[in-house]
Structure formats: C-alpha cells, structure tokens
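Per full-length UniProt numbering: the sequence shown = residues 1 to 757.
Read through the structure below, which is laid out as structure tokens, and then see the notes.
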Amino acid sequence: MDNKSSDPFVVVKFNRRIIHQTSYIPKNLNPIWTLKTKAFFLFQVKAKELFQDIDGLCFEVIDYDAYSANDLMGAVKVSPRFLYKATEERREFRLQPLMSKGSIVNHNVKGKLALRCRRATPYDKEFLKQYKIDMVKEARKDPIKLRGVAMIVKNVGTGGGGYVKTVVEKKRKKETIGTETVVKYKIRPEPDPQRKTQTTWMTKEEIDKESFNESRVWLDAGSGMLAKVFLEIINCKGIPNLDVNVGLDRNKTDAFCKIVYEDCICSTDVIDDCLSPHWMPWMNRAFVLHMTHTSSPLFIGVFDYDDSLHTSVESHDPIGRVNVDLTKLRADTEYLLTYQLYKEGTKISDRKPVNGTITIRLRLEVPDERHLVLSCLQPPPTIYVNDSQKRDFLCVKYTCKGYDNERFDTNVILSYIEELLAYMNLVVYLKDALINLLLWRGNHRVDVRIPVKPSEQNADGADALNDMTMKERLSYLVERYTKKTTILLPIHSMTLFFSAVTLVEKPSLLPSYIFGSIAWLLIAVMGFRHNNPDPWDQPKTFRDIVEILLVGEPLEPPPTITKNQNKKEASAYRKKWADKIKELEKNSVEEKRRAVREAREEAEIDSAEVDLGTESKGGMNLNPLKPFLLPVQKNLGKLLECVRFMKNVMLWEECYFAFWITCASIILGVFSLFIPWTFIVIWSTRLAVWAGCGPWMKLVDIYYYSKIEDLSKSKKSKRMRDLKKSRDNYLNLMKEDVRLKEEEAKKLKAMKAYMFG
C-alpha cells in the first residue's frame, strides 16, 4: 500500500452484505466524497433486523489498485444504537484494523472517517430515487448520437447553426405600397404568435416602434427580498459582423445577450444574421431580478452565438459588455438607457466604442426603501452560480470580468499602472478645490434682496396701496424697493477658518476634527457633484437618504429628466474639466522631456569613461521574472479594486456607503468632543514611562528574566516542547476548521452541479 498517496473508496456492509460502495478518489490522503462520488445512500431496514446485528454498519476504507488486490486501510463499525438515534450531526470515527479474506491486514492503521446520518424523510427517498434514475440515463447516453443528423436538423436556425437557414430563407424583401417601394425585414426568431400576419415582415420604422412596446413575457429570477429590478433588453445597434468568414458572405452576427445579477443568470433569444437586432415584446427579453444587496452591479454581455455542431470553437464570440450601477436609480421610475459596447483591450486608452450600442429599459420596485439603505451596513454576500455548459460558463465569466486577467501578461500590468496613474487626474480637482477654499470663493447659493435705484423702481399698483391689507402692502413695498439676487457664500472657507482657529487654541480637539473632516469632505464632494448641470451625474443627496430613513421615502418626488436636458451646459462643463486635465498632462510630459534632456546632457559629459566589461549582453529572453511579476500583477489587481471602491464612495457613486460613512464620522466626531484626550495621552505616557523605565525593572530581572536565561538544557527543551505542543494544538484546530469548510464547499458544489448544472 502506498503511504504517500492512495486511491481510497468506501464499502458499506450490513450483516456481511455490501449495500453501498463509493467511487474511488485518486491520489488523495484526505478524500472528500460528495454526491458525484456516491457519498449519499439510502439504507432501508427494519428496527428488529437492525438491532439483531451487533456490529451495525461496517464502513471499510479500501485503497484501490488496478493491477493487484485492493488493500484494506481500515474499518469503522457504527452501532445500531447510534444509527437509530442519529440526528445528522457530523461524527468522526478512528479507523480500526479488520481481518478480510484475500486482503492484507494493516495493523498500523491511521486516519479517521467522518460520517453524517439521519432518518430518511419522504423528500430524501424521492430525491435519491430520482437521482438514481438520472444517473442511469446519464450512463446510457451515447455521445455519437448527440452529433447525429437529427440533432443538426433540430438546431438549424437557432443561432450560428443557421448556415442552412441562411441559404434557403430570405431575410428581407421589397414591397410596393401605392407608388412607394419599401423594404421589409423578416422578424427573427419568430413573429408574434397572436399577430403572425402583421409581424412576420416589418419595416425598420415598424420594428423600432414595436420593440419599445411593453413586454408580455417576464422571467422571474433570483432569491433576494430587498427589491425587484425590471430589466428589458430593447435593441443593439451597429454591432460588428463576427460571422463574415463562416460559410457564406451573407452570414452575419447571431446576437444574444447574457444577463448576470447576483445569483441570476439569464439569456435572451438569439437573433440570427442581424447587425442591429431588436428584441420584440413577445420574445425572451424581459427579466424580473430579485435584489439581495443594493451595491450589487448588473452585468450585461452581448455575444455572437456559435453552434458547436457547425464550429469547433469552445465559446461564443464576445462583442462587448456593460456594467449598470443601480444605486442611482429611484424607485418607481422608468429609465431608458443606451450604453456603448466597448471592444476591450488591455489598456483603457486602447478601448474604442466601435462595437455598437445596447438600449435597455429599467425600473426599480422597492417595497421599503429604508431596508434598501440599511442593507449597506452589511458587506455584499459572495455568491457562486453554476452553469450547465463550459461555453455558457465562459460567457458568464466574460460578462462579469471581461477578458481573463488572471494569467500573467505584461500588458495587464501596464494597464493596471495606467489606471493608477489616471487617478492622478484628481489632482486637477483637488487643486481647484484648494484654491476655492483658501481664496474664500463662494460655493453655496443664497437668494437675498437688495435695494434698487429709484430709476429702477416699479410704481405699478401704487394707487391701490390704501386698499391692501398689511401683509399685501408689505409685500408690495418689498417688491418695489428691492430686487432678488443670488450670492455665493464661502461656507467651506468659513468652516475651515473657524475650525483651524479653534484647533490651534485647543489641540485636544484634533481627533474630533479628524472624524468631522471626513464627513465634511464627503458632503463637499456631494455638493460638487450636484453643481454638474448633467442630471444623470447627480447622485442621491445626504438629505434624501435621511428622509428615507425617517419617513420611508424622499419628501420630494423624483425629478423628471427630459431628453437632452442641459446638454449644452453639461458639454461645456465636461469640456472645462477635460481641458484642465489635458493641460496638466501636457505640463507633466514637458517636465519629463526636460528631465530626460538634462539627463542626456549629463550622460554625454560622462561618456568619456571606457567600458572595460567583457560580459556579453543580449540573447533570448524567456521572461524569467514571471514568477515574481505574477504576484505583483495579482496584488495590483486587488489594489485597484480597493481604489475603485474608495473612488466610488468618495464620488457618491456608492451613495449609501458614502452616507453611512458620513454619519459614522459625524457621530464619532461628536463623541470625541467629550473624551479628555489630553488627560488620556498624558497619563498613558506617564504610566508607560514609570512602569517600563523605573528601578523596579531590576525585580523583573531577578524574579523572571534571569530565570529564563539560567534554565538548563532539559528545562529549555521541555519548555520548547510545551510551546510546540500548544502550537500543534492550535494548528490542528485550524486544520479541522479548514477541513470542515472544504467538506461543506465540495458537497454544496456537487449538489448545485446536479441540481442546476
């Protein structure tokens, strides 16, 4: 028997009869059996028959050997009493030696066998019965039949397999209506079942208009209870032709969309041979996604369907993907959004919106907005989902993460560095904010009334002054002798000045001011974002979220955003900041060029020195730094995830997280005002100095430290053994905990793979 690696399996016997046998797990000294490896079985026996056999169930752990007799590694006997009273609690049993005819007896038995059993419920019996039926069907499957002619005929026209369909069917035709000739297109994959005649062939205008009608078929998905996201995929426009070299020149992209949200994976219908596909209301395009956490992103990927029966590719060709942030959405408001589909490169600067657009319709239904805000007090859950086929799994992976950046690639590292350097553009905003802060430039709009010149006074209505009430007379006089104007108050500059003056006089307020400055910074950024004339770039305010917590919903109704609202102002606003960033980049490039030029001039002066080295340079480079740079790449990726999250919180993209951080900073700042920091710091340092530097440290040396130094070798070794023993106990507990988690994860994965693919 191989002591370094074994191929163990378990045979279960009752009254010397084999009632169950697991699959063997190759080369594993710590095997975990799951549903896939036959860990579960149903043992049906009468109570009288069970207790007649004193040994109960016998579990034999055997090492599989394909070339000779199997080796018995040990056995466990479970008493009838334990089986009768079992309540699904996990129990570990030590393996014991067991005599077996034809097997070598191993007296040096090591290891344990973990068991979990209970009385079977009706659901358990039905589940295992159905599982056996499914396994028999799976075993009888003939893979060759799956690639037979019948299967090909069945799948003609379902996507990339539409090669035959492209040959025999027309996708467009011309019709003469009166004196005009119009082009009509065939609706794919099928017309409206209720209006086949009217919806089999339609013009572009009719298709576009029909696609915006309300969906009739909705797919309900997900297990969340927080809110419902109503998503409709309307159309894609201008997507590239990825089937140009397949079969015929007339073959075009067979587009479909993959939607991933928390524990939901959904797909639309495939629209074959179309570069501007429109999904109609009767098609599979509408989904009700149940929300678990408010910060969960909605991923949408667009793909070209490739039928594996006609091609040898392992995945559908990706066209582009979008990440939709749902935290900005207001409840019971319908959003019609159009996104660019980017052809992803390794660098952000290489990505160009050449892959068309996707239009979606969104609506958020929230039973209780208060729960939506409170959900951010817990971190988002980690969710694992299964897919039945590798091709679909790769689509899901691309939809969520884009191209695989887990493999080592120097371009990936460069893209990470480029993104980190891109955050240096924030210097422009910080510089502008600092100038406005120090120069007392106004930022808070206040409406006031100021006196007007006599020539500008409006005397209309003066004759009726005597007939007015006191309130009307006062209002008239105010309107006549004053005019309304808006001034900008430097609220932030005033706050900074009074805070700095107070802090200089009372340094003990520093902790409180540190917490308060975090809240102040977040609120200032929120105000800056709301100065943007583009209504789509304005997040929820601190006031809105407070009203949701107090009342259950914002007091003001959600704003109505019209098409192209403030388009000119928003373009000018973006251009202003883009010009400032370009100027910063230009100055940075000029500074680098100047530094390089100066370094080259200095190098020319030192070039008189002769290089006497004889080492040959050059040769083939097989990237020997890969083992060192791959961890750097992964750590840079993790760092970027943290930086992105911090940026989203700072800019109120994650408005609920920003709100709670602001609230926590305010509470901690107020609480810190009542803590006597001066007293704590002075007495902490006093105690540290008096306790650690006084003459009584000599007593510590006499009664403790010197005894440790004077220990004999035997006592030292005993002490080290005790320390090692406690360390080993700690490690064993950690290993046991990891083992239990691994068991649960593998068993759950196997169960999900069987239930959901």
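Beta carbons: idealized from backbone N, C-alpha and C, even for Gly.
Assigned secondary structure, residue i (DSSP; H/G/I helix, E/B strand, else coil)
i, result
"Glu-334", "strand"
"residue 759", "The question about residue 759 has no answer, for the chain in this structure spans 1 to 757."
"Gln-565", "coil"
"Cys-58", "strand"
"Val-596", "helix"
"Leu-29", "coil"
"Leu-584", "helix"
"Tyr-67", "coil"
"Gly-619", "Residue confidence for Gly-619 is low, a pLDDT of 45 falling below 50, so the modelled location carries little weight and cannot support an answer."
"Cys-117", "coil"
"Phe-9", "strand"
"Thr-359", "strand"
"Trp-279", "coil"
"Ala-422", "helix"
"Trp-201", "strand"
"Pro-507", "helix"
"Lys-137", "helix"
"Arg-675", "According to the sequence displayed, residue 675 carries Ile and not Arg. Three-state DSSP puts Ile-675 in coil, outside helix and strand."
"Phe-408", "coil"
"Gln-633", "helix"
"His-20", "strand"
"Asp-737", "helix"
"residue 832", "The requested residue 832 is not part of the displayed model; the chain covers only 1 to 757."
"Leu-612", "Bear in mind that the predicted position of Leu-612 carries a pLDDT of just 42, short of 50, making it unreliable; the figure below should be weighed with that in mind. If DSSP states are grouped into helix, strand and coil, Leu-612 belongs with coil."
"Gln-96", "strand"
"Ala-75", "strand"
"Phe-498", "helix"
Integer-rounded CB distance, given that residue j should sit under 8 Å from residue i
i, j, result
"Val-270", "Ala-221", "No, Val-270 and Ala-221 are not in contact; Cβ-Cβ is about 19 Å, not under 8 Å."
"Ile-32", "Lys-746", "5 Å"
"Leu-72", "Ile-62", "6 Å"
"Phe-59", "Val-10", "6 Å"
"Glu-666", "Ala-519", "Note on residue identity: the sequence assigns Ile, not Glu, to residue 666. Confirmed, about 5 Å."
"Cys-274", "Ala-255", "6 Å"
"Leu-341", "Val-302", "6 Å"
Beta-carbon gap between residue i and residue j smaller than 8 Å
i, j, result
"Val-373", "Tyr-656", "yes"
"Pro-191", "Thr-199", "yes"
"Ile-523", "Phe-542", "yes"
"Lys-174", "Thr-181", "yes"
"Gly-320", "Lys-237", "no"
"Leu-394", "Ser-512", "no"
"Thr-268", "Asp-304", "no"
"Asn-425", "Ile-581", "yes"
"Asp-7", "Lys-27", "yes"
"Lys-258", "Thr-382", "no"
"Pro-554", "Asp-544", "yes"
"Leu-95", "Leu-83", "no"
"Ala-753", "Asn-386", "yes"
"Tyr-476", "Met-470", "no"
"Val-525", "Trp-690", "no"
"Leu-29", "Ser-5", "yes"
"residue 787", "Asp-534", "In the structure displayed, the chain extends from 1 to 757; residue 787 sits before or after that span and is not available."
Bounding residues of the alpha helix (DSSP H) (the contiguous stretch that carries residue i)
i, result
"Asn-108", "No alpha helix (DSSP H) holds Asn-108; DSSP gives it neither H nor E."
"Phe-256", "Premise fails: Phe-256 lies in the beta strand (DSSP E), 255–261, not in any alpha helix (DSSP H)."
"residue 770", "The chain is shown only over 1 to 757; residue 770 falls outside these bounds and no answer can be derived."
"Tyr-84", "80–85"
"Gln-52", "47–52"
"Tyr-398", "390–401"
"Phe-303", "Premise fails: Phe-303 lies in the beta strand (DSSP E), 298–304, not in any alpha helix (DSSP H)."
Chain D contact for residue i (CB, 8 Å cutoff)
i, result
"Pro-189", "The displayed structure is made up of one protein chain only, and chain D is not part of it."
Residue span of the beta strand (DSSP E) that contains residue i, given as start and end
i, result
"Arg-172", "172–177"
"Asp-467", "Segment: none, Asp-467 is in no beta strand (DSSP E) and carries neither H nor E."
"Val-373", "From DSSP, Val-373 is part of no beta strand (DSSP E) but of the alpha helix (DSSP H) over 369–374."
"Lys-184", "180–186"
Inter-stretch contact (C-beta, 8 Å, three-pair minimum) for the segment 425–445 and the segment 480–494 | yes
Please determine if the segment 361–369 and the segment 679–686 are in contact, where contact requires at least 3 C-beta pairs separated by less than 8 Å.
-> no
Does the pairing of the segment 588–604 with the segment 365–379 give three or more beta-carbon distances under 8 Å?
-> no
For the segment 295–305 against the segment 202–213, are there 3 or more C-beta pairs whose distance is under 8 Å?
-> no
Would the segment 530–540 and the segment 650–668 be scored as touching if the rule is three or more Cβ pairs under 8 Å?
-> With the cut-off at 8 Å, the segment 530–540 and the segment 650–668 touch.
Are at least three pairs of beta-carbons, each pair with one atom in the segment 112–121 and one in the segment 74–88, less than 8 Å apart?
-> yes
Stretch-stretch touch, CB-based, cutoff 8 Å, three pairs: the segment 89–99 with the segment 119–130 | Because the criterion of three Cβ pairs below 8 Å is not met, the segment 89–99 and the segment 119–130 do not touch.
Determine, using beta-carbon pairs with one atom in the segment 628–639 and one in the segment 408–419, whether at least three such pairs fall under 8 Å.
-> yes
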